[in-house]
Each structure stands twice: as C-alpha cells, then as structure tokens.
C-alpha cells in the first residue's frame with residue numbers, strides 16, 4: 110500500500126493498493142458519508158476496483174453551513190487532507206471518544222512505502238500519525254511533511270517524534286515550508302535514518318547549517334535548500350556539510366541570494382562528489398561569476414562595470430583566484446532565472462569551461478536582463494563534454510545565435526531554446542551549427558519558431574543524428590505552409606519525430 114501526494118491544487122491523498130480488494134474497507138467507510146462531493150470519489154473508486162488499477166483520491170470539501178463530519182468506524186482506515194478549512198472537523202475527530210481507538214493508517218496498511226501530510230494547521234493528528242510510525246510502517250521509504258504551519262513547541266514535538274525512532278528504509282524526507290530554523294536542525298540531526306538519500310528543507314527560515322554537525326546520514330546525496338533567503342554560505346558551514354555528507358552529489362540553492370563571495374566559497378570547497386549544482390533565481394549578476402574565471406582574467410575583472418562590481422561589496426572583498434577545484438566533478442550547472450546582463454558574465458563562464466571537464470548540462474534560461482547579443486560571447490569557447498544547453502525564455506538575436514553556432518560543442522545532443530524570440534535571420538544562422546551529435550532541438554513554446562519558417566531554414570542543417578524537433582504551429586489559415594515545412598524537414602531526416610505545438 111502506498112500513500113502519495115495529490116497533483117491537485119486543493120491537496121489530498123492518493124491511495125494506491127497492490128490489489129483492488131485492499132480498497133474495499135475505505136469505500137465502505139466513505140459510503141457512510143451523505144456528501145455530494147464524495148459520490149464522484151466513491152464512483153471512481155469502484156471503477157478502480159473493477160479495473161486492473163487500484164487507486165483512490167480522497168478530498169474533503171466541506172460546504173458552508175453543513176456539518177457532515179463522518180461517523181468514525183472502529184477498525185476502518187481514515188486518510189484525510191489536513192487544511193485550514195478542515196481544522197474544526199479534525200479537532201472534533203481528535204477529541205471524540207471514537208478517536209481514542211483510532212487505529213492509525215500504518216496499522217491498517219503496514220506495507221505503506223510513502224506518506225504525505227500537507228497543509229497542517231496544527232500538529233495533533235500529525236503527531237498521532239508519526240508516533241511509532243517507523244515501527245508500523247516498516248517499509249516506509251518516503252515521508253513528506255510539507256506546508257505544516259506549526260508553532261515553536263509543535264516544531265520540537267514533531268522533530269522529537271522523528272528523532273526518537275529508527276527509520277531503516279527511509280530514503281526521502283521533505284520538510285518544506287514549515288518555518289524550521291537553524292535551531293530545529295539540531296533536533297532533526299538526531300534522526301536515525303542511515304539510508305536517507307534525499308533531504309528537502311525548502312522554504313524555511315534556516316540561516317546556518319552548523320547545527321547539522323551530529324547528523325548521521327552517510328549516504329545522503331541530494332540536499333535541497335531552496336528559498337531559505339537568510340541562509341549564510343561560508344567556508345565553515347560548507348566544510349561541515351562535506352564532512353557530514355561525503356556522498357553529496359546534488360545541491361540545490363535556488364532562491365538563496367548569492368554574490369561573488371558565496372560563489373567563491375562554493376567553488377573553493379573540496380566537494381568529493383558534487384555533480385549537480387542548482388543556483389537558479391539567486392540574483393546572480395555578471396560579477397558574481399568572476400570567481401569562476403582563471404587567473405588570466407584578472408584585468409577584465411578589474412575593468413568590469415560599476416553596476417556589476419556591486420556584488421563585490423564595494424570591492425572590499427578581494428576574490429582569491431581559483432582553478433575551480435571544487436567543481437572538478439560538476440556535470441550539471443543551472444544558472445537560470447538570475448540577473449546576468451552583459452557579455453562580461455558569459456565571458457567569465459566561458460573562461461571556466463576548460464576547468465569544468467565533466468560538465469554535460471548548462472542552463473542559462475530566463476535571465477531576463479541578459480542583452481540579446483550577450484550570448485555572442487560564446488564565440489570560440491570550448492565545452493568539451495557539454496551535451497545539453499538551454500537558453501529558453503529569452504530574446505535571441507542573430508549575433509547571439511552566431512556565437513552559439515561558432516562555439517566548440519563537439520558532444521552537444523540537446524539544444525533547448527523554448528519560448529525564445531528569434532528572427533528569421535537567427536533561425537537561418539542556427540542551421541549553420543556544426544553539431545554532429547545533436548539528437549534533439551526544441552524551438553517550441555508560446556514564442557517558438559513557426560514550422561512554416563523552420564522547414565525551409567533548418568532543412569539545410571547538417572545534423573545527421575537528429576531524432577526529435579519541437580516547433581510551433583503556424584496559424585491555421587496557412588496550414589499548407591506547415592505541411593510544406595514538415596515535408597522539407599522529413600526529406601532531410603526521414604526518421605525525424607516532429608512535435609508541433611499550438
């Protein structure tokens with residue numbers, strides 16, 4: 110039995126069973142509710158029981174002025190989405206005499222491998238579920254406690270409930286948007302989960318990572334700290350993270366404000382196995398990438414523009430020149446959604462390319478202030494192993510495309526330029542790229558390249574291994590031009606899969 114998070118905006122549960130018979134207890138319980146919103150759910154559940162897929166989505170949508178709290182049936186399982194609208198009902202459930210014998214979902218479904226509790230306004234039911242959860246859900250692999258708005262005391266109780274148990278099979282733990290602070294990390298670090306591989310602490314109030322010193326998660330390889338806006342990145346905290354999590358290969362700092370000092374600290378750290386670094390929406394300006402440049406770029410760093418050098422704390426901090434020793438194993442670098450503006454930042458990045466020997470993916474998407482010709486700085490740059498390059502949601506001028514096509518990208522397999530505005534001349538220029546390994550070209554999206562134009566232009570390209578192309582449809586009134594463009598593409602690549610988006 111498995112519990113996973115719903116995809117709907119309202120929240121809820123998905124209950125997945127190994128066999129349809131496992132759902133019948135839940136359906137029997139739901140039929141006691143005289144509730145319109147549950148008739149559709151029950152019907153869907155019965156359909157699932159009659160089919161080969163056993164699944165059930167539970168949502169509680171109380172109507173105003175009605176009190177439809179269900180009668181609790183002892184021995185029957187209850188799964189509920191905790192939201193602010195349901196707080197009154199949950200309070201009654203907890204205080205009722207029936208709830209004294211509340212069996213806990215783990216006892217009803219001992220084979221559960223994933224549990225998600227979301228939108229919790231208080232912790233009573235949550236603590237009831239977590240108390241002894243590791244012994245009841247012996248196969249639990251994923252635990253999500255997201256958007257749980259606990260108070261100070263509730264934090265302590267919840268984290269104590271986690272830390273006081275042994276979680277032998279737990280691999281994924283998410284504690285997002287719960288108001289956790291650095292003090293809470295000290296309690297979390299006591300959690301006994303030796304097989305934990307993924308930890309997500311996004312959208313909290315963490316300022317320091319030093320409190321994780323006592324953590325014993327030796328195989329942790331993914332650490333997500335998105336939008337902890339006051340998080341301090343310094344040499345001491347990163348050294349501790351590296352020593353405590355020696356197998357960390359994925360670090361996500363999206364939404365954490367960074368300047369040149371923090372970038373320098375990240376690149377100096379002795380990461381033994383870091384392969385994926387996400388610095389999306391970190392407010393990075395051109396000068397913040399200066400620490401990536403080798404020593405021979407010092408003259409250009411000193412000559413950088415006034416507005417860019419603001420990230421140097423008025424030049425009081427002198428960046429130590431590095432050879433990117435911490436990024437020697439880096440394979441994926443995400444710099445999307447930042448404030449890169451001019452060719453200076455691209456120059457710093459290109460100068461670092463030879464020192465990133467294993468980099469296979471680079472994302473520069475959604476740098477809205479990046480001038481159209483800034484990517485022209487890619488000209489003559491060398492990216493030995495880069496396989497995926499993305500520059501979506503941007504205005505790409507002809508010089509920018511010319512810089513891209515003249516760059517040395519011997520292993521480029523996927524080029525993603527979604528929602529990017531390109532002139533016809535830029536599309537013509539794109540076709541001159543010498544990418545013998547290119548498999549996928551994505552020019553789709555709202556502002557994507559029309560098929561009627563792409564056909565004549567791109568059909569002249571020399572990309573012998575191209576398998577997939579994503580384009581935008583032209584208006585229906587010129588659908589004949591769409592067909593002609595498609596035929597031209599298929600003449601060059603008979604096995605090409607073309608996806609046309611409206």
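Residue numbers (this note's numbering): 110 to 611.
Backbone N, C-alpha and C define an ideal beta-carbon position, used for all residues, glycine too.
Inter-residue Cα distance where the pair is residue i and residue j
i           : j           : result
residue 601 : residue 569 : 8 Å
residue 604 : residue 469 : 26 Å
residue 559 : residue 350 : 48 Å
residue 309 : residue 396 : 29 Å
residue 372 : residue 528 : 29 Å
residue 314 : residue 339 : 7 Å
residue 240 : residue 270 : 6 Å
residue 539 : residue 555 : 19 Å
residue 341 : residue 311 : 15 Å
residue 354 : residue 384 : 14 Å
residue 573 : residue 375 : 39 Å
residue 477 : residue 248 : 46 Å
residue 467 : residue 493 : 8 Å
residue 593 : residue 502 : 27 Å
residue 609 : residue 495 : 27 Å
residue 474 : residue 307 : 26 Å
residue 321 : residue 275 : 18 Å
residue 548 : residue 295 : 47 Å
residue 277 : residue 386 : 28 Å
residue 316 : residue 567 : 50 Å
residue 598 : residue 471 : 27 Å
residue 242 : residue 223 : 12 Å
residue 326 : residue 544 : 43 Å
residue 360 : residue 366 : 15 Å
residue 576 : residue 551 : 11 Å
residue 112 : residue 253 : Note on residue 112: pLDDT 38, under 50, position unreliable in the model; the coordinate value appears next. So the two alpha carbons sit approximately 10 Å from each other.
residue 362 : residue 388 : 5 Å
residue 525 : residue 268 : 42 Å
residue 580 : residue 380 : 40 Å
residue 443 : residue 465 : 14 Å
Own chain residues within Cβ distance below 6 Å of residue i, not counting five before or after
i           : result
residue 364 : 335, 336, 390
residue 485 : 508, 509, 512
residue 413 : Caution applies to residue 413, whose pLDDT of 42 falls short of 50 and renders its modelled position unreliable; the value that the coordinates give is listed next. So the qualifying residues of the chain are 396, 453.
Sequence-distant residues of its chain with Cβ nearer than 7 Å to residue i (five each side left out)
i           : result
residue 595 : 560, 564, 607
residue 611 : 582
residue 491 : 462, 463, 517
residue 520 : 494, 495, 496, 546
residue 255 : 227, 283, 285, 286
residue 487 : 455, 459, 512, 513, 516
residue 479 : 449, 450, 503
Residue closest to residue i, alpha-carbon to alpha-carbon, out of the options
i           : options            : result
residue 333 : 344, 380, 452, 284 : 284
residue 435 : 378, 497, 301      : 378
residue 398 : 440, 381, 451, 437 : 451
residue 463 : 448, 517, 361, 505 : 517
residue 542 : 387, 526, 359, 515 : 515
residue 273 : 299, 288, 507      : 299
residue 482 : 535, 330, 552      : 535
residue 301 : 290, 280, 316, 292 : 280
residue 578 : 224, 344, 522      : 522
residue 282 : 487, 224, 496, 251 : 251
residue 79  : 242, 319, 457      : Only positions 110 to 611 of the chain appear in this structure, which leaves residue 79 out of reach.
residue 437 : 358, 550, 331, 367 : 358
residue 303 : 330, 288, 289, 290 : 330
residue 446 : 402, 290, 356, 392 : 392
residue 305 : 532, 288, 356      : 356
Exposed unless 16 or more other CB atoms sit within 10 angstroms - verdict on residue i
i           : result
residue 323 : exposed
residue 348 : exposed
residue 227 : buried
residue 562 : buried
residue 400 : buried
residue 394 : buried
residue 382 : exposed
residue 499 : buried
residue 352 : exposed
residue 137 : Since pLDDT at residue 137 reaches only 46, below the 50 mark, its modelled position is unreliable, and the value read off the structure follows with that caveat. Result: exposed.
residue 291 : buried
Sequence-distant residues of the same chain with beta carbon closer than 8 Å to residue i, five excluded per side
i           : result
residue 489 : 515, 516, 517
residue 346 : 317, 318, 319
residue 440 : 384, 385, 467, 468, 469, 470
residue 344 : 374, 377, 378
Cβ-heavy atom distance, residue i to the ligand ZN, below 7 Å
i           : result
residue 280 : Of ligands this structure carries none, so the ligand ZN is not represented either.
Complete alpha helix (DSSP H) runs within the segment 269-334 (minimum length 4 residues, chain order): 291-297
Whole runs of the beta strand (DSSP E) within the segment 495-556, excluding any shorter than 3 residues: 497-499, 523-525, 549-551
Segments of 4+ residues assigned as alpha helix (DSSP H) that fall wholly inside the segment 449-490: 452-461
Secondary structure, alpha helix (DSSP H): runs of 4+ residues fully inside the segment 373-410: none
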